[in-house]
Amino acid sequence: MTITPTVRTALSITIFLVTALIFCLAAAYIVAYIASAPTARLGITFAMAFLAGVNLVLLVISRLAHVTDQPHTHTAPAV
């Protein structure tokens with residue numbers, strides 16, 4: 003899997019934005035907890051779980067692309 007630098011940058015920015023959104027939802031969860039709104043807390047929990055899954059998939063794609071872009075040499079380093 004070869005990924006161009008532009009796509010890699012876009013992937014990194016997307017991962018950052020999804021992570022920021024998860025933190026915003028965590029803050030909203032705290033507000034909903036203080037306001038004693040169980041339905042809102044449940045919805046926020048599902049949204050956070052969904053975004054965590056999306057983030058995990060993006061991280062795996064990013065990592066696999068990084069690993070496959072590296073040259074594979076099986077020789078010992080020069081002494």
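If you're matching positions, the sequence shown starts at 3 in our numbering and goes up one per residue. C-beta: ideal position from N, C-alpha, C; glycine also.
Go ahead and label Ile36 buried or exposed: buried means 16 or more other beta carbons lie within 10 angstroms of its beta carbon, across all protein chains shown. Burial call: exposed.
CB contact flag (Asn57, Val9, <8 Å): For the pair Asn57 and Val9, the CB atoms are not nearer than the 8 Å cut-off.
Can you tell me whether Ile46 is buried or exposed, with buried defined as 16 or more other CB within 10 angstroms of its CB? Ile46 counts as buried, since at least 16 other C-beta atoms from the protein chains shown sit within 10 angstroms of its C-beta.
For the candidate residues Thr6, Phe18, Pro7, Ala12, whose alpha-carbon lies nearest to that of Leu53? Nearest C-alpha to Leu53: Phe18.
C-beta contact flag for Ala34 and Ala42 at 8 Å: Taking 8 Å as the Cβ cut-off, Ala34 and Ala42 qualify as a contacting pair.
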